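Visitor: Sending over a structure as structure tokens; questions will come in a sec.
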Amino acid sequence: MKYTVDKKGFYGKYGGAFVPEMLFPNLDELEKNYNKIINDKEFQNDYNNLLRDYVGRPTPLFFAERLSEKYKCKIYLKREDLCHTGAHKINNTIGQILLAKRLGKKRIIAETGAGQHGVATATVCALKGIECVIYMGAVDIKRQAPNVARMKMLGASVVAAESGSKTLKDATNEAIRDWINNPITTHYIIGSVVGPHPYPDMVAKFQSIVSEEIKAQLLEKENTQNPNYLLANIGGGSNAAGLYYNYLENENVKIISVEAAGEGVKSGKSAATSVLGKTGIIHGSKTLLMQTNDGQIIEPYSISAGLDYPGVGPLHAHLLESKRAEFMSITDSDAMLAGLEVSKLEGIIPAIETAHAFAAFKYLDFKTNDIVVVNFSGRGDKDLDTYIEYFNL
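The sequence shown runs 11 to 403 under this note's numbering.
And the structure:
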């Protein structure tokens with residue numbers, strides 16, 4: 011079974027580029043140039059130097075002693091929360107801003123839900139002196155106020171999406187409309203492994219540094235490059251793609267993807283695409299999508315602003331269908347309790363997105379010597395108001 015993208019931009023039956031004719035030139039330009047550019051020695055030097063000196067890579071692989079004791083296995087945390095800006099998102103935006111500059115683009119647009127991708131995009135635009143416009147759902151703007159302030163301090167314009175559920179899906183719609191209207195000067199930095207080809211592949215490659223580092227770090231700590239399990243939360247799926255990338259062909263390494271069940275998979279307030287999704291097209295890609303019988307998108311819900319997306323990236327749809335990955339759905343309440351538990355046991359406050367991954371532990375049965383690597387995808391600073399309100403802190 012092949013898990014990487016094929017020449018037409020598909021993972022199995024998922025992927026491709028289903029876009030308005032106006033965007034064909036943009037995608038054609040990207041597809042013809044991105045592999046050549048990112049494999050160029052000068053690009054690689056620029057990218058790796060910025061990852062080291064600006065982002066702070068390699069991020070540590072931390073043995074979580076107290077969590078390991080509680081769940082009776084060896085739990086390692088890949089500390090993406092220690093990246094500059096507080097999450098894994100910066101790995102991708104650094105790569106895409108260097109790519110955009112080489113393509114001669116003068117303006118950057120992006121979508122954001124939890125705000126971490128918006129902050130990471132605004133950060134690299136400030137670094138390289140490029141105009142930046144961030145689209146964000148009006149609901150997310152309210153619940154992620156600290157990140158909105160950070161984006162504005164970094165010089166970005168933040169535009170509220172007022173349609174639909176006023177969350178990530180709607181912000182993406184607005185960003186795509188902007189791109190259609192400004193195809194020549196503008197590069198769209200998509201923040202996850204979603205959207206039309208070549209974005210899912212491109213973002214996964216920029217995030218693959220996560221699993222590349224894990225191989226070397228595990229070898230040093232456990233005398234093996236390979237864990238027994240990889241565990242990540244999944245919305246669109248960029249942090250998960252980075253964690254899995256260099257292990258996809260090694261089927262001895264089991265993959266567990268944790269999505270948001272919201273108030274319950276069958277509550278009508280959920281984002282559990284693996285259970286509720288059917289094949290459809292969203293934001294230029296054929297994938298699994300929460301939709302009605304007549305193809306209308308069902309509004310997703312999660313307490314986490316980064317997981318309330320009605321679909322999943324085509325790579326992850328393929329991993330689900332091929333059974334390469336096991337999917338789990340975690341409720342708001344389980345995720346919030348897990349976030350508090352990790353904070354108290356390990357002294358690290360996770361983003362609520364990341365807390366979903368930790369909530370899976372109480373439903374899993376590991377052996378004592380199993381090595382489990384969790385992608386600690388983001389820190390909880392941005393979610394403190396939600397934690398405070400939920401727990402009456």
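No residue lacks a Cβ here, since even glycine has one placed at the ideal position from N, Cα and C.
Values in this document were obtained by computation on a predicted structure and should not be read as measured data.
(1) Report the partner residues of residue 243 according to the DSSP bridge assignment.
(2) Based on the DSSP secondary-structure assignment, which residues constitute the bridge partners of residue 197?
(3) Only counting the same chain, and skipping five residues up and downstream in sequence, which positions put a Cβ closer than 7 Å to that of residue 254?
(4) With DSSP run on the structure shown, which of helix, strand or coil describes residue 29?
(5) So, residue 132 versus residue 119, is the Cβ gap smaller than 8 Å?
(6) Helix, strand or coil: how does DSSP classify residue 177 here?
(7) I need the boundaries of the beta strand (DSSP E) containing residue 41, first residue and last residue.
(8) Would you tell me roughly how many angstroms separate the C-alpha atoms of residue 358 and residue 32, rounded to the nearest one?
(9) Please state if the CB of residue 363 and the CB of residue 387 are separated by a distance shorter than 8 Å.
(10) Could you check if residue 97 is buried or exposed, using at least 16 other CB atoms within 10 Å of its CB as the buried criterion?
(11) What is the rounded straight-line gap between the Cα of residue 212 and the Cα of residue 44?
(12) Check residue 290 in the structure and name its three-state DSSP category.
(13) When you compare the stretch 375-382 with the stretch 99-116, are there three or more beta-carbon pairs, one atom per stretch, that lie closer than 8 Å?
(14) In whole angstroms, what is the alpha-carbon distance linking residue 271 and residue 341?
(15) Using only the alpha-carbon positions, how far apart do residue 30 and residue 290 sit?
(16) Who does residue 301 pair with in a DSSP beta bridge?
Guide: By the coordinates alone:
(1) 268
(2) 118
(3) Hits under 7 Å: 221, 240, 265.
(4) coil
(5) no
(6) coil
(7) Run containing residue 41: none in the beta strand (DSSP E); it sits in the alpha helix (DSSP H), 34-48.
(8) 46 Å
(9) yes
(10) buried
(11) 8 Å
(12) The three-state secondary structure of residue 290, taken from DSSP, is strand.
(13) Using a C-beta cut-off of 8 Å, the stretch 375-382 makes no contact with the stretch 99-116, since fewer than three inter-stretch Cβ pairs fall below that distance.
(14) Looking at the two C-alpha atoms, the distance is approximately 5 Å.
(15) A direct Cα-to-Cα measurement between residue 30 and residue 290 gives close to 16 Å.
(16) 307
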